[in-house]
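Residue numbers (numbering that gives the first Met the number 0), protein chains in the order written: chain A, 0 to 246; chain B, 0 to 246.
Quick reminder that beta carbons are idealized off the backbone N, C-alpha and C, glycines included.
Since we're looking at a predicted model, the values are computed, not measured.
Take a look at the structure below.
Number of protein chains: 2
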Amino acid sequence: MRLDVYPTAASAEGERFDSRAAVVIDVLRATSVIATALDHGAVDVVPVATPEEATELARDWPQDSYLLGGERQALPLPGFHVGNSPREYTPDRAGGRRVVLTTTNGTRALLAARSAASLFAASFLNARAVSREVAATGRDVVIICAGTVGRFDLVDTVCAGLVVEALTGPAVASELNDLAVAARELYGLHRGKLIELMHQCYHGQRLVSLGMGDDLVYCAQEDTVPVVPRWSDGRLVPSTDPTAPRA
Amino acid sequence: MRLDVYPTAASAEGERFDSRAAVVIDVLRATSVIATALDHGAVDVVPVATPEEATELARDWPQDSYLLGGERQALPLPGFHVGNSPREYTPDRAGGRRVVLTTTNGTRALLAARSAASLFAASFLNARAVSREVAATGRDVVIICAGTVGRFDLVDTVCAGLVVEALTGPAVASELNDLAVAARELYGLHRGKLIELMHQCYHGQRLVSLGMGDDLVYCAQEDTVPVVPRWSDGRLVPSTDPTAPRA
Numbered sequence: 000m001r002l003d004v005y006p007t008a009a010s011a012e013g014e015r016f017d018s019r020a021a022v023v024i025d026v027l028r029a030t031s032v033i034a035t036a037l038d039h040g041a042v043d044v045v046p047v048a049t050p051e052e053a054t055e056l057a058r059d060w061p062q063d064s065y066l067l068g069g070e071r072q073a074l075p076l077p078g079f080h081v082g083n084s085p086r087e088y089t090p091d092r093a094g095g096r097r098v099v100l101t102t103t104n105g106t107r108a109l110l111a112a113r114s115a116a117s118l119f120a121a122s123f124l125n126a127r128a129v130s131r132e133v134a135a136t137g138r139d140v141v142i143i144c145a146g147t148v149g150r151f152d153l154v155d156t157v158c159a160g161l162v163v164e165a166l167t168g169p170a171v172a173s174e175l176n177d178l179a180v181a182a183r184e185l186y187g188l189h190r191g192k193l194i195e196l197m198h199q200c201y202h203g204q205r206l207v208s209l210g211m212g213d214d215l216v217y218c219a220q221e222d223t224v225p226v227v228p229r230w231s232d233g234r235l236v237p238s239t240d241p242t243a244p245r246a
Numbered sequence: 000m001r002l003d004v005y006p007t008a009a010s011a012e013g014e015r016f017d018s019r020a021a022v023v024i025d026v027l028r029a030t031s032v033i034a035t036a037l038d039h040g041a042v043d044v045v046p047v048a049t050p051e052e053a054t055e056l057a058r059d060w061p062q063d064s065y066l067l068g069g070e071r072q073a074l075p076l077p078g079f080h081v082g083n084s085p086r087e088y089t090p091d092r093a094g095g096r097r098v099v100l101t102t103t104n105g106t107r108a109l110l111a112a113r114s115a116a117s118l119f120a121a122s123f124l125n126a127r128a129v130s131r132e133v134a135a136t137g138r139d140v141v142i143i144c145a146g147t148v149g150r151f152d153l154v155d156t157v158c159a160g161l162v163v164e165a166l167t168g169p170a171v172a173s174e175l176n177d178l179a180v181a182a183r184e185l186y187g188l189h190r191g192k193l194i195e196l197m198h199q200c201y202h203g204q205r206l207v208s209l210g211m212g213d214d215l216v217y218c219a220q221e222d223t224v225p226v227v228p229r230w231s232d233g234r235l236v237p238s239t240d241p242t243a244p245r246a
């Protein structure tokens, strides 16, 4: 199995992944939101590039059938139902509704990966569940970290390392690119200390400074969500039954 | 001190570093060549973008006054005196001569960093000597890894981590970007095992497959060269006296 990790959405743009399974990671916070919303019963999550596109898309939908969510510079958007905190996507808000989500980095990474044969969204909440479905495809893998404002994001990279480890084990594999090797090593270093990691990183520090430190605690949980969000026709749908009993 | 690491030349292009000290790293092999050539008495090293530019630049120079060196896809260039193996830059070849060097990744990274207030080239051979001169500038720092064909290169990143560690110590500093934190951690993991690291990485494996494995052994040496190559007017000159006694 060939496995390549890309550090940012931009670094993957223009690449073709037709024969690959792709995993997109934006731990803080888009892919944590996606896992949580689907786990809490959302019908699907539609990622769109701009707030205007979100409003436009939902204009003719029945009023109670959807949730507009997202952020710009980590802050909620005027006129939207929810921001980009996964803790806002409660069962009573997300259950039975479609979520239209616009975020800065996560959406861009999903769009960069959409040529892939299969495309999944992962966060610490569901990384091992996603890895199992990725392995089941039998395909070579590409992992695209969303990054933060176009830059390397250590939290996303460590989560990518968890997926690499889940897919390859700790053994040396010659078919990993350099960032896949590094990501697996970095996950090894930060295993069990994800909260400390988040406080060490730019994006985590920024969320804390905005009073969103509780999101770090939430997003640092490993394997609490069984749902595997899979890309299907421009939206993310639960690939597994979210009502299945939890491990 | 603010310290940012960039993963590739491309990621730094378009940025301005006017108030910063910049360090460019291309361990395999441009910045190892530059350190070695200057240590062996080269007058300066002029990095140029293309082989044609190299030939053109030296056209009117006295025949015995210069050395044309470089590579494309790691292989020597037709009509050039030397390739891109630092072991070719012996005192009898490099001594007293100007070196015109054209390499794929290293030149691009140097050009991306040329807006910096001070600009240095580092490899494992001279990383701590370079770090001392960087610290002496008293400026915020940017480290630009050349990367390999536009991608994250683990060897360059680990060398960046050595520079970060030399500049900051092991303590947590809030003014490191995420890649600076990661690089320092990765250097900690690979300290004393640089040869194994190189064999694990794409670029090292490629050089081995081309029969250039001895270059890995050479480039994995730490602090064997006292010379600090400093950018001055489009070329790299020895910032310290290369005839000074070695540590």
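Using a Cβ-Cβ cut-off of 8 Å, state whether residue i counts as contacting chain A.
i	result
residue 186 of chain B	no
residue 200 of chain B	yes
residue 181 of chain B	yes
residue 246 of chain B	Because the pLDDT of residue 246 of chain B is 46, which lies under 50, any placement of that residue in the model is unreliable, and the number read from its coordinates should be weighed accordingly. Residue 246 of chain B does not count as touching chain A.
residue 156 of chain B	yes
Which residues in chain A sit within 8 Å of residue i, going by Cβ to Cβ distance?
i	result
residue 178 of chain B	150, 151 and 153
Which residues in chain B sit within 7 Å of residue i, going by Cβ to Cβ distance?
i	result
residue 6 of chain A	6 and 151
Write down the C-beta distance between residue i and residue j rounded to the nearest angstrom, noting that I regard them as a contact closer than 8 Å.
i	j	result
residue 227 of chain B	residue 164 of chain B	In fact, because the Cβ distance is near 18 Å, the residues do not count as touching under 8 Å.
residue 251 of chain A	residue 125 of chain A	Residue coverage of chain A in this structure runs from 0 to 246, which leaves residue 251 of chain A outside it and unanswerable.
residue 42 of chain A	residue 97 of chain A	5 Å
residue 0 of chain B	residue 184 of chain B	Their Cβ separation, rounded to whole angstroms, is 18 Å, which puts residue 0 of chain B and residue 184 of chain B out of contact at 8 Å.
residue 37 of chain B	residue 237 of chain B	5 Å
residue 25 of chain A	residue 155 of chain A	6 Å
residue 27 of chain B	residue 69 of chain B	Not confirmed; about 14 Å, so no contact.
residue 159 of chain A	residue 19 of chain A	Residue 159 of chain A to residue 19 of chain A, Cβ: 15 Å. No contact.
residue 254 of chain B	residue 177 of chain B	This structure gives no information on residue 254 of chain B, because the portion of chain B shown stretches from 0 to 246.
residue 153 of chain B	residue 181 of chain A	5 Å
residue 112 of chain A	residue 29 of chain A	Actually they are not in contact, since the Cβ atoms of residue 112 of chain A and residue 29 of chain A sit about 13 Å apart, beyond 8 Å.
residue 179 of chain B	residue 108 of chain B	That pair is no contact at about 16 Å.
Residue i bridges to which residues according to DSSP?
i	result
residue 209 of chain B	Answer is none; residue 209 of chain B lacks a bridge partner.
residue 43 of chain B	B:97
residue 217 of chain A	Looking at the DSSP assignment, residue 217 of chain A forms no beta bridge with any residue, so it has no partner.
residue 118 of chain B	B:21
residue 231 of chain A	A:234
residue 3 of chain A	A:141
Taking 8 Å as the threshold (beta carbon to beta carbon), is residue i in contact with chain B?
i	result
residue 32 of chain A	no
residue 13 of chain A	no
I'd like to know if residue i contacts chain E, where contact means its C-beta is closer than 8 Å to some C-beta of that chain.
i	result
residue 68 of chain A	Reference to chain E is not applicable here, since the protein chains of this structure are A and B.
Exercise. Go through the stretch 124–201 of chain B residue by residue and report every complete run of the beta strand (DSSP E) that reaches 3 residues or more, in order.
Key: Within the stretch 124–201 of chain B, the complete beta strand (DSSP E) runs of at least 3 residues are 139–144.
Quiz prompt | Continuous alpha helix (DSSP H) assignments of at least 4 residues falling wholly in the stretch 42–94 of chain A | solution = Along the length of the stretch 42–94 of chain A, whole alpha helix (DSSP H) runs at least 4 residues long occupy 50–57 and 90–93, reported in chain order.
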